[in-house]
Amino acid sequence: MEPVSYTFTESEIAEIQRHLSKYPDKRSAVMPALWIAQEKFGWLSEEAIKLVADTIDIPYAHVYGVASFYTMYFKEKVPEHLIEVCTCFTCGEMGGKEMLDYVKEKIGADARGFGKDGKIWARAAECLGACDTAPVCQITNRRYVHQLTKAKVDELIAKLEKGEEIPYERIPLTDQSIIDD
Amino acid sequence: MDWRTYQKILLPDTPDFHKLDVYEKEGQGYQALRTVLTEEKWSRKAVVDEVKKANIRGRGGAGFNAGLKWSFMPPKQEGVPRYLAVNGDESEPGTCKDRRLFEYNPHTIIEGALIACYAMEMDAAYIYIRGEYADWIDMVQAAVDEAYAKGYAGKNIMGSGQNIDVFVHKGAGAYICGEETSLMESLEGKRPYPRSKPPFPAQVGLWGKPTTINNVETVGHVPHVIRNGADWYLGIGAQTFPGPMLYGISGHVQRPGVYEFPSGMLITDLIYKVAGGIRGGKKLKAVVPGGSSVPILRADMIEGITMDADSLRTVGTFVGTAGMCVLDEDTDIVKFLIRVSQFYDHESCGQCTPCREGTGWFVKMLKRIDSGEGSTRDLDTLLELCDTMEGRTVCALADAAAWPVRNTIIRFREDFEAKIKFKGAYAVA
Ligand SMILES: Cc1cc2nc3c(=O)[nH]c(=O)nc-3n(C[C@H](O)[C@H](O)[C@H](O)COP(=O)(O)O)c2cc1C
Ligand code: SF4
Ligand code: FES
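Residue numbers (the working numbering), protein chains in the order written: chain A, 135 to 315; chain B, 4 to 432.
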């Protein structure tokens, strides 16, 4: 594997500068800078965290402390695509757990949830704020897939395996015209 | 006002309402901001007073009068900046309304935040949005950019001489960041451990400066109150909990969704008329009316109960976030409670012993009961554990974890006991 060079490009630094200018204290740029680092490197290694610390000039231990608190920052090397299925509250009652089991079975997940081919991993999510379209899942910290079914999971995994983008699934405003009296 | 003829205010069906030009043309967009910035009669105090009179009850869960909260800000000191934190963390299970606003009406949030900043003499508003909402964060940022480009935010807004910035901050996956002091720590770039109060945010808030925190929907109501007046707002819905309400209805109903109606709707109307009743012709077992932490209601408790604080109090529960989860007769209530408890166990920040340990014990003991290994004494131990958690910690997460346990055990005791008596076997509903 090619060695990763732990530097930010000029445009990434400009982006971090832009974030710094939003807050009266430079520490506030920690989260946006960690997001930029994770987008770039795929996860937050010691080197990536150090790069963030050096770029905004705050102690490594502080940046590490922040990074380690949040679930969306990956502190270990993970496969490229993550399927996070909500098994919480409403989704739990609407088949979320069964959907997660199905995803894991399909990708041949190990104990950590990592799939056999090393490209996809899966884990349970807490409420994703889309309970009215339960069960739902989120793909790699961005796209939501709503009203999951096994067929939808099949389609989703096929797309991820082919490296296709998961489109934004727009949920229209709820139709309030039907009233059962 | 009959809810059947109600015209939506927060989530209008107007196509492309999220776009600035449509918001301006079809929604009188930014006219409320223009009015308060340019008309003599709208002093800062007059805005606070109008919002207070309207009694906008906070939509983040606690239902506190927004204008009253605004009035707690200390007098402005020259050279000391002040901030508004707009809470878009939306992580309380069952809550799915703020996301609709981000997508379909972001400008009402931005306009409301700007009016709030004017009223409380603040320099900037930080809209904190949970990291999972990456797509919606982009939508809100796009709307903020439009507002800046039009001169509605930033320096010398509409030539008024007022400077107010609006920034969007992306979270990274932690329910606790929705708690207001944790949110401030997160924004400050620290580990988001909640702070003990006092001092209150109005005195010592973001970066140690006077700060007010409001939910995104709460500030979204503000432009409407300014445009139409407090009396108009007070005429919508429940008298003591007025205004439009976004009901996020999920679970075992025919038509789940986020519905906008006046506050104070009958729970039975919401379930049977609005959401089409229980799917598959099943019977109702329980309703959690306002997010996972509010006390659960048995089906036989909801008759005549409306979605406002006064009515819900009579059955020992709250409006919360108005995110309503409907459960049918097949629901295994013990398993349901286990999953809720797992959520709080996962999300406890670990700062206070009663919360860190208690949330873990909930899960362990409930699982034991579920597996048929429990005893009736375990139920009493669980209730005692609730006593040791409620009101004894830095933030209210411990209470939020204890309420469902306490109330589910009390209100569905027979479901728990059934698992205890018939060792290992499941109760047939
Ligand atoms: C554990 C915990 C989580 C919370 N999560 C949220 C949240 O996601 N969104 C929110 O608006 N308020 C949340 N709150 C309430 C906030 O602390 C605060 O009361 C609210 O944002 C104030 O806004 P409002 O008065 O407009 O409702 C939470 C409170 C607690 C204790
Ligand atoms: S109550 Fe729980 S979440 Fe709140 S500060 Fe204490 S340990 Fe953290
Ligand atoms: S419970 Fe799954 S999105 Fe809310």
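Even glycine gets a Cβ: it sits at the ideal position worked out from N, Cα and C.
Note that the structure is a prediction, hence the values are computed from the model and not measured.
Name, please, each residue of chain B whose Cβ falls closer than 8 Å to the Cβ of Thr205(A). Ala175, Gly176, Ala177
Rounded to the nearest angstrom, what separates Phe318(A) and Val290(B) at their Cα positions? Only positions 135 to 315 of chain A appear in this structure, which leaves residue 318(A) out of reach.
Find the residues of chain B that neighbour Val164(A), judging by a C-beta separation of less than 7 Å, and give them in chain order. Gly192
At a cut-off of 8 Å, would you count Ser253(B) as near ligand 3, judging by its Cβ distance to the nearest heavy atom? yes
Does the beta carbon of Leu282(A) sit closer than 9 Å to a beta carbon anywhere in chain B? By this cut-off, Leu282(A) is not an interface position.
Please tell me whether Ala256(A) has its Cβ less than 9 Å away from any Cβ of chain B. no
Could you tell me whether any Cβ in chain B is nearer than 9 Å to the Cβ of Gly199(A)? Closer than 9 Å to the CB of Gly199(A) there is at least one CB belonging to chain B.
Leaving out the 5 sequence neighbours to the left and right, which residues in its chain are closer than 6 Å to Ala148(A) when beta-carbon positions are compared? Counting only residues of its own chain and dropping the five nearest sequence neighbours on each side, Ala148(A) has no CB closer than 6 Å to any other CB.
Cβ-heavy atom distance between Gly61(B) and ligand 1 below 8 Å? yes
Exposed or buried, which one is Gly181(B) when buried takes at least 16 other CB atoms within 10 Å? buried
Segment contact flag, the segment 283-296 of chain A with the segment 52-69 of chain B, C-beta cutoff 8 Å, min 3 pairs: Too few Cβ pairs lie closer than 8 Å, so no.
So which of Pro213(A), Val237(A), Lys209(A) has the shortest CA-CA distance to Thr221(A)? Out of Pro213(A), Val237(A), Lys209(A), Val237(A) has the C-alpha closest to the C-alpha of Thr221(A).
Counting only Cβ-Cβ distances shorter than 9 Å, please list the residues of the segment 242-257 of chain B near chain A, keeping chain order. Residues are counted here when their Cβ sits less than 9 Å from a Cβ of chain A; for the segment 242-257 of chain B these are Gly251, Ile252, Ser253, Gly254, His255, Gln257, given in chain order.
Give a yes or no on whether 9 Å exceeds the smallest Cβ distance from Gly226(A) to chain B. Contact with chain B is found for Gly226(A), since one of that chain's Cβ atoms lies less than 9 Å from the residue's Cβ.
Taking 8 Å as the threshold, find out whether the segment 186-199 of chain A comes into contact with the segment 154-171 of chain A through three or more Cβ pairs. Cβ pair count under 8 Å is three or more, so yes.
Per-residue DSSP class, three states only, for Val138(A): In the structure shown, Val138(A) falls within a coil segment according to DSSP collapsed to helix, strand and coil.
Taking contact to mean at least 3 C-beta pairs separated by less than 8 Å, is the segment 241-249 of chain B in contact with the segment 276-285 of chain A? No contact exists between the segment 241-249 of chain B and the segment 276-285 of chain A.
Would you mind reading off the limits of the beta strand (DSSP E) that contains Glu263(B)? 260-265
CA-to-CA distance, Lys250(A) to Glu295(A), given in whole angstroms: 12 Å
Whole angstroms is fine: what's the gap from Thr320(B)'s alpha carbon to Met310(B)'s? 10 Å
Which listed residue (Ser179(A), Ser202(A), Ala201(A)) has its alpha carbon closest to that of Val350(A): Nothing in the structure corresponds to residue 350(A), since chain A is present only between 135 and 315.
So, under 8 Å CB-CB, Glu106(B) and Met142(B) are touching, yes? Tell me the CB distance rounded to an integer number of Å. Contact flag correct, Cβ pair sits at about 6 Å.
Please confirm if Thr334(B) has its CB atom under 9 Å from at least one CB of chain D. The structure shown contains no chain D; its protein chains are A and B.
Which of helix, strand or coil does DSSP assign to His215(A)? strand
Test: Tyr151(B) CB closer than 9 Å to a CB of chain A: no
From what residue to what residue does the beta strand (DSSP E) around Ile299(B) run? Judged by DSSP secondary structure, Ile299(B) falls outside any beta strand (DSSP E); it is assigned neither H nor E.
Please name the residue in Gly363(B), Asp19(B), Ile118(B), Gly91(B) whose C-alpha comes closest to that of Pro306(A). Asp19(B)
For Ala405(B), is the beta carbon positioned less than 8 Å from some heavy atom of ligand 2? Every heavy atom of ligand 2 is 8 Å or more from the Cβ of Ala405(B), so no.
With distance defined between alpha-carbon atoms, name the residue in Gly361(B), Lys338(B), Val169(B) nearest to Ile372(B). Lys338(B)
Spatial distance of Leu386(B) from Arg380(B) (CA atoms): 10 Å
Pick from Ile336(B), Phe67(B), Ile118(B), Glu135(B) that is closest to Thr411(B), judged by C-alpha positions: From the listed residues Ile336(B), Phe67(B), Ile118(B), Glu135(B), the smallest Cα separation to Thr411(B) is found for Ile336(B).
Assuming Ala268(A) contacts Gly230(A) under a Cβ cut-off of 8 Å, what Cβ separation, rounded to an integer in Å, is found between them? 7 Å
Does the beta carbon of Tyr204(A) fall short of 8 Å from some heavy atom of ligand 1? no
If we cut at 9 Å on Cβ distances, does Val290(B) have a partner in chain A? no
Any residue whose CB is nearer than 5 Å to a heavy atom belonging to ligand 2, listed in chain order: Pro197(B), Ser351(B), Cys352(B), Gln354(B), Cys355(B), Cys358(B), Thr396(B), Val397(B), Cys398(B), Leu400(B), Ala401(B)
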